[in-house]
Amino acid sequence: MGNQAGFSGAGKTFLLIDGAKVNNLSRFIYREEESPECDALYRRTVLAELSEISPWLVEAGINSTLAR
Numbered sequence: 054m055g056n057q058a059g060f061s062g063a064g065k066t067f068l069l070i071d072g073a074k075v076n077n078l079s080r081f082i083y084r085e086e087e088s089p090e091c092d093a094l095y096r097r098t099v100l101a102e103l104s105e106i107s108p109w110l111v112e113a114g115i116n117s118t119l120a121r
């Protein structure tokens, strides 16, 4: 897939993925990205017990399969 929005791809791209919408989100992220920079947003908060549905912030390239 090409450069759709005209971005150079040189900057950082972050994705916010809803853990309530994607089953086993952490497994999915680590399967799709070789060594992802990511974290569950509920980790180390009062919502930590809801980690299964936590949203995740993932740094991914503009051409990442996660961004499609």
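Numbering of the sequence shown is given in the numbering used here, commencing with residue 54 and proceeding in unit increments. Using N, Cα and C, we set each Cβ at its ideal position, and we do this for glycine too.
Just reading off the alpha helix (DSSP H) that residue i is part of, what are its end residues?
| i | result |
| --- | --- |
| Leu-69 | Segment 67-70 is the beta strand (DSSP E) holding Leu-69; no alpha helix (DSSP H) there. |
Are residue i and residue j touching if we call contact CB-CB under 8 angstroms?
| i | j | result |
| --- | --- | --- |
| Ser-117 | Gly-72 | no |
| Phe-67 | Glu-112 | yes |
| Cys-91 | Leu-110 | yes |
| Pro-89 | Tyr-95 | no |
For the putative contact between residue i and residue j, defined by C-beta atoms under 8 angstroms, what is the C-beta separation to the nearest angstrom?
| i | j | result |
| --- | --- | --- |
| Leu-119 | Glu-86 | 7 angstroms |
Can you tell which of the options has the C-alpha that lies nearest to the C-alpha of residue i?
| i | options | result |
| --- | --- | --- |
| Glu-105 | Gly-114, Arg-84, Val-75, Pro-89 | Val-75 |
Could you pull out every unbroken alpha helix (DSSP H) segment of at least 4 residues lying fully inside the region 65-109, listed in chain order? Complete alpha helix (DSSP H) runs here, min 4: 78-85.
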